[in-house]
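J.: What follows is a structure written as structure tokens; I'll ask about it next.
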Amino acid sequence: MKFLKLLSAVAILGALSANAFTEGVDYVKLEKPLSVEKGTLTKVFSYACPFCYKYDKSVTPAVIKKVEGLKFVPYHLKTKGEYGEVASKLLAVLAVKDMANGVDFFDEKSLFKKAKMACYKAYHDKKERWGNGKDEAAFLKTGLEAAGITQAEFEAGLNDPKVAELLSKWDESYDVAKIQGVPAFVVDGKYLIYTAKITSIDGMAGLIKELMAK
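So this is what it looks like as structure tokens:
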């Protein structure tokens with residue numbers, strides 16, 4: 000009898016470990032999935048979001064390393080920040096350049112990363128506001144100089160159909176951001192992680208692995 004009870008207890012623990020996270024508590028299934036492939040972690044973010052900045056400095060790269068086969072896809076939210084729309088255009092042009100060159104978004108050579116971190120640092124660390132929305136040229140200069148591309152190259156990039164396609168996909172981020180703000184992490188385009196429930200890098204990685212297995 001004791002042996003049977005022990006087997007029962009082991010079975011219960013196994014079931015709990017197999018489903019360590021709960022829908023509605025740790026994550027929610029989106030009504031409108033994002034246009035991404037399976038095995039993808041999408042991060043909806045804004046240059047004007049302090050928590051997005053904090054995650055990008057230490058959490059997101061560390062989590063990606065812990066989940067084998069995970070593809071990272073950034074979606075910039077154009078509706079947040081005085082320069083949200085132009086920031087999306089800038090980052091989309093640079094993201095397409097990185098993808099064309101086979102450069103990972105976390106690589107130090109990434110043009111996307113260079114511009115993104117420059118805008119983050121200017122806005123959050125230096126408290127730069129570029130004329131409170133009235134000096135788009137100054138904002139663009141911050142990102143362009145960090146990435147090492149010219150205004151002409153940026154404008155030419157905006158004519159690339161791949162950039163237009165990417166910006167169209169990024170528009171999907173608005174419905175996701177409405178749920179709990181940014182940063183917003185979505186697994187396989189379907190499962191939105193409740194960031195308030197994230198307590199560790201290992202815990203977040205574990206949740207992503209579980210959701211990928213669904």
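Numbers 0 to 213, taken from numbering that gives the first Met the number 0, label the letters of the sequence shown in order.
All residues carry an ideal CB built from backbone N, CA and C; glycine is no exception.
Predicted model only: the values in this text are computed from it and were never measured.
What number of angstroms, rounded off, separates the C-alpha of P214 from the C-alpha of K115?
T.: Residue numbering for the chain in the displayed model covers 0 to 213; residue 214 lies beyond these limits and cannot be assessed.
J.: Quick one: Cα of F2 to Cα of V62, how far?
T.: Taking the sequence shown and counting its residues from 1, one reaches residue 2 at position 3. Taking the sequence shown and counting its residues from 1, one reaches residue 62 at position 63. With a pLDDT of 35 at F2, under the threshold of 50, the modelled position of that residue is not reliable, and no figure is offered here.
J.: Secondary structure at Y74, three-state DSSP: helix, strand or coil?
T.: Position 75 of the sequence shown, counted from the start, is the residue given in the question as residue 74. Strand at Y74.
J.: Beta strand (DSSP E) containing L191: first to last residue?
T.: Translated into positions along the sequence shown, residue 191 becomes position 192. Here the beta strand (DSSP E) through L191 covers 190-192.
J.: I'd like to know if the segment 78-89 and the segment 171-181 are in contact, where contact means that at least 3 CB-CB pairs between them fall below 8 Å.
T.: A contact exists between the segment 78-89 and the segment 171-181.
J.: Taking the alpha carbon of L90 as the reference point, which residue from V66, H123, E154, V58 has its own alpha carbon closest?
T.: Walking along the sequence shown from the start, residue 90 turns up at place 91. The option with the nearest alpha carbon to L90 is E154.
J.: Using three-state DSSP, classify Y46 as helix, strand or coil.
T.: Reading the sequence shown from its first residue, position 47 is the one you call residue 46. Coil at Y46, not helix or strand.
J.: S16 by DSSP, collapsed to three states: which one?
T.: Within the sequence shown, residue 16 is the residue found at index 17, counting from 1. For S16, the pLDDT reaches just 44, beneath the cut-off of 50, and the residue's location in the model is therefore unreliable, leaving the point undetermined.
J.: Is E22 helix, strand or coil by DSSP?
T.: In the sequence shown, the residue the question calls residue 22 occupies position 23. Residue state, collapsed to three classes: strand.
J.: Output the distance between the C-alpha atoms of P32 and V186, rounded to the nearest integer angstrom.
T.: Indexing the sequence shown from 1 puts residue 32 at position 33. Indexing the sequence shown from 1 puts residue 186 at position 187. Each residue's alpha carbon lies about 10 Å from the other.
J.: By Cβ distance, which residues of its chain are closer than 6 Å to A212, with the 5 residues on each side in sequence left out?
T.: Translated into positions along the sequence shown, residue 212 becomes position 213. No residues qualify anywhere along the chain.
J.: So A86 and E209 are in contact, right, with Cβ under 8 Å, and what is the actual spacing, rounded?
T.: Taking the first residue of the sequence shown as position 1, residue 86 is located at position 87. Taking the first residue of the sequence shown as position 1, residue 209 is located at position 210. Not quite, the Cβ-Cβ distance comes to about 33 Å (not below 8 Å), so this is no contact.
J.: Rounded to whole angstroms, how far is the Cβ of Y122 from the Cβ of Y54, which I believe are closer than 8 Å?
T.: Residue 122 sits at position 123 when you count from the first residue of the sequence shown. Residue 54 sits at position 55 when you count from the first residue of the sequence shown. No, Y122 and Y54 are not in contact; Cβ-Cβ is about 15 Å, not under 8 Å.
J.: What is the DSSP secondary structure of A212, counted as helix, strand or coil?
T.: Taking the first residue of the sequence shown as position 1, residue 212 is located at position 213. Three-state DSSP puts A212 in coil, outside helix and strand.
J.: So, are the CB atoms of K28 and E36 less than 8 Å apart?
T.: Reading the sequence shown from its first residue, position 29 is the one you call residue 28. Reading the sequence shown from its first residue, position 37 is the one you call residue 36. For K28 and E36, no; Cβs fall outside 8 Å.
J.: Please identify the residue among A176, K108, Y190 whose C-alpha is closest to the C-alpha of F44.
T.: Indexing the sequence shown from 1 puts residue 44 at position 45. It is A176 whose Cα lies nearest to the Cα of F44.
J.: So who's on the other strand from A155, going by DSSP bridges?
T.: Along the sequence shown, one-based indexing puts residue 155 at 156. For A155, which the question treats as bridged, DSSP gives no partner whatsoever.
J.: From I200 to T59, what distance separates their C-alpha atoms?
T.: As a first step, residue 200 must be located in the sequence shown, where it is residue number 201. As a first step, residue 59 must be located in the sequence shown, where it is residue number 60. Distance between the alpha carbons of I200 and T59 is about 8 Å.
J.: With DSSP collapsed to three states, give me the class of G205.
T.: Locating residue 205 in the sequence shown gives position 206, counting from the first residue. DSSP places G205 in helix when its eight states are reduced to three.
J.: Going by beta-carbon coordinates alone, are T39 and G188 separated by less than 8 Å?
T.: Start at 1 with the first residue of the sequence shown, and residue 39 comes out as number 40. Start at 1 with the first residue of the sequence shown, and residue 188 comes out as number 189. Yes, the Cβ-Cβ distance between T39 and G188 is below 8 Å.
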